[in-house]
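Peer 1:
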Amino acid sequence: MKIKSLTIALLAILVILALTGCGQNSNNASSSGNGNENATNGKVKLKMWYWNGAISDSTIEAAKAKFPNIDLQAEKLPSGGDFLTKLKTTITGGGSGPDIVTMDSWISTMLSYNEKFVNLYDQGARDIQSQYLDWKWKMGATSDDKYLIALPIDVAPVVLYYRSDLFKKAGVASTPEEFKTQVKTWDDYFNLLKKVKDETGSQSGTVVDIFRSLLGQIDQSFFDLDGKYIGDQAHIKSAWDSSVKAYQAGLTFPFSSDSEKNAAMNNGKISSFSGASWAVGDVIAAAPDTKGKWNIAYPPGGVGNQGGSFMGILKSSKYPKEAYEVIKFLVSPENLIAGYKDFGNYPSTPEIYTKPEMVNENAFFGNQDLSTVFADAAKDVKVAHTDTRDDMVFNEITKALGSVDAQKKDSEKAWKDAQEQIKRQLSR
Amino acid sequence: MGGLLKEIYKSRTLYLFISPFYILFLVFSVFPIIFSIYLSFHKWDGIGSMSSVGFNNFNYMFHDPNFWQAMINNIAIWLLANGPMLVCALVIAYVINLSIVKFKGFFRIAFFLPNITAMVAVVIIFQSMFGNEYGLINFFLEKLGLDKIAWFNSSTGVRVVIALMIAWRYLGYNAIIYLSGLQRIPKDLYEAANLDGATMFQTFTKITLPMLRSIILFSVMMSTIGGFQIFTEPQVLAGNQSPYPGSETIVLYMFREGFVYQNYGYAAAVSWVLFVIIGLISVLNWKLFNKSDD
Numbered sequence: 001m002k003i004k005s006l007t008i009a010l011l012a013i014l015v016i017l018a019l020t021g022c023g024q025n026s027n028n029a030s031s032s033g034n035g036n037e038n039a040t041n042g043k044v045k046l047k048m049w050y051w052n053g054a055i056s057d058s059t060i061e062a063a064k065a066k067f068p069n070i071d072l073q074a075e076k077l078p079s080g081g082d083f084l085t086k087l088k089t090t091i092t093g094g095g096s097g098p099d100i101v102t103m104d105s106w107i108s109t110m111l112s113y114n115e116k117f118v119n120l121y122d123q124g125a126r127d128i129q130s131q132y133l134d135w136k137w138k139m140g141a142t143s144d145d146k147y148l149i150a151l152p153i154d155v156a157p158v159v160l161y162y163r164s165d166l167f168k169k170a171g172v173a174s175t176p177e178e179f180k181t182q183v184k185t186w187d188d189y190f191n192l193l194k195k196v197k198d199e200t201g202s203q204s205g206t207v208v209d210i211f212r213s214l215l216g217q218i219d220q221s222f223f224d225l226d227g228k229y230i231g232d233q234a235h236i237k238s239a240w241d242s243s244v245k246a247y248q249a250g251l252t253f254p255f256s257s258d259s260e261k262n263a264a265m266n267n268g269k270i271s272s273f274s275g276a277s278w279a280v281g282d283v284i285a286a287a288p289d290t291k292g293k294w295n296i297a298y299p300p301g302g303v304g305n306q307g308g309s310f311m312g313i314l315k316s317s318k319y320p321k322e323a324y325e326v327i328k329f330l331v332s333p334e335n336l337i338a339g340y341k342d343f344g345n346y347p348s349t350p351e352i353y354t355k356p357e358m359v360n361e362n363a364f365f366g367n368q369d370l371s372t373v374f375a376d377a378a379k380d381v382k383v384a385h386t387d388t389r390d391d392m393v394f395n396e397i398t399k400a401l402g403s404v405d406a407q408k409k410d411s412e413k414a415w416k417d418a419q420e421q422i423k424r425q426l427s428r
Numbered sequence: 001m002g003g004l005l006k007e008i009y010k011s012r013t014l015y016l017f018i019s020p021f022y023i024l025f026l027v028f029s030v031f032p033i034i035f036s037i038y039l040s041f042h043k044w045d046g047i048g049s050m051s052s053v054g055f056n057n058f059n060y061m062f063h064d065p066n067f068w069q070a071m072i073n074n075i076a077i078w079l080l081a082n083g084p085m086l087v088c089a090l091v092i093a094y095v096i097n098l099s100i101v102k103f104k105g106f107f108r109i110a111f112f113l114p115n116i117t118a119m120v121a122v123v124i125i126f127q128s129m130f131g132n133e134y135g136l137i138n139f140f141l142e143k144l145g146l147d148k149i150a151w152f153n154s155s156t157g158v159r160v161v162i163a164l165m166i167a168w169r170y171l172g173y174n175a176i177i178y179l180s181g182l183q184r185i186p187k188d189l190y191e192a193a194n195l196d197g198a199t200m201f202q203t204f205t206k207i208t209l210p211m212l213r214s215i216i217l218f219s220v221m222m223s224t225i226g227g228f229q230i231f232t233e234p235q236v237l238a239g240n241q242s243p244y245p246g247s248e249t250i251v252l253y254m255f256r257e258g259f260v261y262q263n264y265g266y267a268a269a270v271s272w273v274l275f276v277i278i279g280l281i282s283v284l285n286w287k288l289f290n291k292s293d294d
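Chain order of the listed sequences is A and B. Under the UniProt record's numbering, think of the first position of the first sequence as 1, with each following residue one higher. Under the UniProt record's numbering, think of the first position of the second sequence as 1, with each following residue one higher.
Below is the structure:
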């Protein structure tokens, strides 16, 4: 009988251990706050979540070397919506999540929950503020600028990608300098596209691509500061109308999947499009046959931004001080150059734009130095107020815009239907 | 009841041994299911606080034209894919099972292969085959002097492409199931029919089909459940917000509401409605196919 109860007791312990994941550190109160007292291995353990292409792996190695007292565990997760979902579940669940997290342009949705993040201003972030682009910095801070949840990593300035050979053939502006002086507005660009199309039969990106670029250039988005819906107003409608105009003039490539678009680019059917800095890699991968024929230029209609990421610290972290030191190092100007070299993430620190290390002459782009154009396009970006419901509105509007092309829907009716649909969604 | 508990207490060591499964099941299956009922009556963005909204989520859903459109798309794709596919699967199984066919093992594997192919890869291949501009099929159509077909610009086209993917993937799977059912039918029934001078069609309809009824019920049920859970094909093919008509299924609708628009409560409500629909159709199937089963 005794043996039997012993068996049961042992089994119970085993089950409990298995369920609680046995290895959990039982950090007591005294060890928190000062990492050096951590009894397990004398090192401060910091877990970091990022996605491929957010921060260069060589930079992470450099951080490990620089902070020998920190055990930096960098975990690469799938990017996009999955990352956001995982982050949200972790924050909501309240379990032991990562210390350092990477955030994308959806950082604005996290700002309303700023209390879940460490206020980096308390850690001394004011001291390094001047190194970063002002507009980018503000995206990680609350509107009263008292709470900063993340430091900027890269920006994604929008430029015009174009086939200089085809543009030259059409006898229109074909050097970056000519573009900057001659193609100032979208109408200038459309007029020029018309000639290029007549001469070479090639088109611009899809109607939705144009709309997205136009949207990135205005300082208002779908909701105002009070959360009131303004996506049915003139600023959005005029972007819609311009895109439709380009479509009706036959200047846009038919709405299609990425693989179709890539094929069109490689076949010379798409001769220009406006896209963010990270599209460099996309063009090179999509259109290998057109090597050396591309160039980039200052975009029509002014500067804009699409994407660009941040790094913050969760409130649940036991070592906010050490974590701050790590992220400060990871996003320091020198280290952002590595990310730029590795995958075209354009740094958010203007002081290095003119440095010789930044010169980026790319054979695919006829040895043009891409950095000067990006630097030009990264300054003075106007940032629109973002809202958690932006995705929904953007999806509905672009879906309707796409149906104007794909299903030949009347553009006014498509606009009206989309607005009705959005208002119904917002009504609940 | 007391007797049962006593029995359990008596063999408590054994129950302790199997308890990890039940504890995990409670934590990771039962709790989420119950929580999702609770969630379906709330509005929640995933981080902030939940607010109770009563039946609003359901009310909104039944008045949302997108929901009904998703339902229509889903039923259309399901019928387009599974009807012809199950008939073909039965024919294939019947042919493989014929005594004159050699290399049965080879055919079994060959037909089953599509089922283990990564779904995303399949979708990408189909996407490039049916592409509007540079699709393989349009390439051949043009070579033959015919007009290109803009597959993705009409709801019928999109549904046909998705249905083809599903049929391609599950044809072999169902054929294998039918084949095992066919092999269970006693040979002497066929020999007797042969002696009586029955034609091939007669043996098929009078012996094979009735003997296979339970297997057919199983495959129809599985296809129904699968058919209402179509997700990867339209998601990869058309994305979350494409203007391609006819591609949105209920699970895609639910996914987008939950994980893209952050309406978790609403998505939970959709999942429960989906659960009820699948349940009803399964019962209907059961009644139809099991009518005269004694």
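Built from N, CA and C at the ideal position, the CB exists for glycine as well. Because the structure is a prediction, the values reported are computed rather than measured.
Within the same chain, show all residues whose beta-carbon is closer than 8 Å to that of Pro-78 (chain A), passing over the 5 residues directly before and after it, in chain order.
Peer 2: Hits under 8 Å: Trp-51.
Peer 1: Does the beta carbon of Lys-416 (chain A) come closer than 8 Å to any beta carbon on chain B?
Peer 2: Judged by the 8 Å Cβ criterion, Lys-416 (chain A) is not in contact with chain B.
Peer 1: For the beta strand (DSSP E) that Leu-77 (chain A) lies in, which residues bound it at each end?
Peer 2: It spans 70 to 77 - the beta strand (DSSP E) in which Leu-77 (chain A) sits, taken as one unbroken run.
Peer 1: Quick check: the region 123 to 139 of chain A against the region 253 to 264 of chain A, are there 3 or more CB pairs under 8 Å?
Peer 2: No, the region 123 to 139 of chain A is not in contact with the region 253 to 264 of chain A.
Peer 1: By Cβ distance below 6 Å, which residues in the same chain neighbour Asn-28 (chain A) in space, the five residues on each side in sequence not counted?
Peer 2: Caution applies to Asn-28 (chain A), whose pLDDT of 39 falls short of 50 and renders its modelled position unreliable; the model cannot decide the point.
Peer 1: Using a cut-off of 9 Å between C-beta atoms, extract the partners of Tyr-113 (chain A) located in chain B.
Peer 2: Simply Ile-47 and Gly-48.
Peer 1: Are Thr-85 (chain A) and Ala-338 (chain A) close, meaning C-beta to C-beta below 8 Å?
Peer 2: No; because the gap between Cβ atoms is not below 8 Å, this pair is not in contact.
Peer 1: Checking contacts by CB at 8 Å: is Val-260 (chain B) closer than that to chain A?
Peer 2: Chain A contact via Cβ: present.
Peer 1: Can you check DSSP and say which residues form a bridge with Trp-49 (chain A)?
Peer 2: For Trp-49 (chain A), which the question treats as bridged, DSSP gives the partners A:Glu-75 and A:Val-101.
Peer 1: Got a sec? Which residues, its chain only, sit under 7 Å from Gln-229 (chain B) by beta carbon, not counting five neighbours each side?
Peer 2: Closer than 7 Å at the Cβ level, and outside the excluded window around Gln-229 (chain B), lie Val-251.
Peer 1: Output needed for Ser-36 (chain B): all residues of its chain with C-beta closer than 8 Å, excluding positions within five of it in sequence on either side, in chain order.
Peer 2: Within the same chain, Ser-36 (chain B) has close Cβ partners Ala-268, Ser-271 and Trp-272.
Peer 1: Let me make sure I understand the geometry here. Which of A:Gly-124, A:Pro-152, A:Phe-117 and A:Lys-116 has the alpha-carbon closest to that of Tyr-132 (chain A)?
Peer 2: The residue with the shortest Cα to Cα distance from Tyr-132 (chain A) is A:Pro-152.
Peer 1: So which residues on chain B does Ala-286 (chain A) lean against when the C-beta distance must stay under 8 Å?
Peer 2: Here the premise fails: no neighbours, minimum Cβ distance about 13 Å.
Peer 1: Assess contact between the region 182 to 190 of chain B and the region 130 to 146 of chain B, defined as three or more Cβ pairs (one per stretch) separated by less than 8 Å. Is contact present?
Peer 2: Flag = no, the region 182 to 190 of chain B and the region 130 to 146 of chain B do not touch.
Peer 1: Near Lys-76 (chain A), what residues of its chain come up, given a Cβ to Cβ distance below 8 Å and the 5 sequence neighbours on each side ignored?
Peer 2: Contacts found: Tyr-50, Trp-51 and Asn-52.
Peer 1: If you count every other CB in all the chains shown that lies within 10 Å of the CB of Ala-363 (chain A), and 16 or more means buried, which is it?
Peer 2: With fewer than 16 other Cβ atoms within 10 Å, it is exposed.
Peer 1: So which residues on chain B does Arg-428 (chain A) lean against when the C-beta distance must stay under 7 Å?
Peer 2: What Arg-428 (chain A) touches in chain B: Asn-56 and Tyr-60.
Peer 1: Evaluate Asp-390 (chain A) with the Cβ neighbour count: other Cβ atoms within 10 Å of its Cβ, from every protein chain shown; 16 or more gives buried, anything less gives exposed.
Peer 2: With 16 or more other Cβ atoms within 10 Å, it is buried.
Peer 1: Identify whether Gly-80 (chain A) lies in helix, strand or coil by the three-state DSSP scheme.
Peer 2: Coil at Gly-80 (chain A), not helix or strand.
Peer 1: In chain B, which residues lie less than 8 Å from Thr-85 (chain A) when you measure between Cβ atoms?
Peer 2: Neighbours of Thr-85 (chain A) on chain B, chain order: Gly-46 and Phe-259.
Peer 1: Do you know how far the Cα of His-385 (chain A) is from the Cα of Leu-225 (chain A)?
Peer 2: If I take the Cα positions, the gap works out to 7 Å.
Peer 1: In chain A, what lies closer than 7 Å to Pro-245 (chain B) by C-beta?
Peer 2: Those are Gln-407, listed as they occur along chain A.
Peer 1: With distances taken between CB atoms, is the gap from residue 430 (chain A) to Ala-377 (chain A) smaller than 8 Å?
Peer 2: Residue 430 (chain A) lies beyond the range of chain A shown here (1 to 428); nothing can be said about it.
Peer 1: Short of 6 Å in beta carbon distance, which residues of its chain neighbour Pro-245 (chain B), apart from the five on each side in sequence? Order them along the chain.
Peer 2: The answer, listed in chain order, is Ser-155.
Peer 1: Report yes or no: is there a C-beta of chain B within less than 8 Å of the C-beta of Asp-209 (chain A)?
Peer 2: Not one chain B Cβ lies under 8 Å of Asp-209 (chain A).
Peer 1: State the DSSP-derived secondary structure class of Glu-361 (chain A), mapped to helix, strand or coil.
Peer 2: If DSSP states are grouped into helix, strand and coil, Glu-361 (chain A) belongs with the strands.
Peer 1: Quick one: list the residues of chain B neighbouring residue 437 (chain A), beta-carbon separation under 9 Å, in chain order.
Peer 2: Nothing in the structure corresponds to residue 437 (chain A), since chain A is present only between 1 and 428.
Peer 1: Please list, in chain order, all residues of the same chain as Arg-108 (chain B) whose beta carbon is under 8 Å from its beta carbon, the five residues on each side excluded.
Peer 2: The residues are Ile-96, Ile-176 and Leu-179.
Peer 1: Kindly give me the distance between the Cβ atoms of Phe-365 (chain A) and Asn-262 (chain A), rounded to whole angstroms, as I take these residues to be in contact under 8 Å.
Peer 2: Incorrect: roughly 17 Å between the Cβ atoms, too far for contact.
Peer 1: Given this structure, state the Cα-to-Cα distance separating Ser-204 (chain A) from Lys-399 (chain A), to the nearest angstrom.
Peer 2: Whole-angstrom Cα-Cα distance: 19 Å.
Peer 1: I'd like the list of long-range same chain contacts for Gln-123 (chain A), defined as Cβ closer than 6 Å, with 5 residues on each side in sequence excluded.
Peer 2: Closer than 6 Å at Cβ, skipping near neighbours: Tyr-324.
Peer 1: What span of residues does the beta strand (DSSP E) with Asn-295 (chain A) cover, start to end?
Peer 2: From DSSP, the beta strand (DSSP E) with Asn-295 (chain A) extends over 294 to 297.
Peer 1: Please return the same chain residues whose Cβ sits closer than 7 Å to the Cβ of Ser-221 (chain A), not counting the five positions on each side in sequence.
Peer 2: Within the same chain, Ser-221 (chain A) has close Cβ partners Ala-384, His-385, Thr-386 and Asp-390.
Peer 1: Can you tell me where the alpha helix (DSSP H) holding Phe-273 (chain A) begins and where it ends?
Peer 2: Looking at the DSSP string, Phe-273 (chain A) is not in any alpha helix (DSSP H); the run it does join, the beta strand (DSSP E), is 272 to 276.
Peer 1: Checking the sheet assignment: what are the DSSP bridge partners for Lys-43 (chain B)?
Peer 2: In the DSSP output, where bridge partners are listed per residue, Lys-43 (chain B) has B:Ser-51.
Peer 1: Short of 8 Å in beta carbon distance, which residues of its chain neighbour Gln-69 (chain B), apart from the five on each side in sequence? Order them along the chain.
Peer 2: Within the same chain, Gln-69 (chain B) has close Cβ partners Glu-248.
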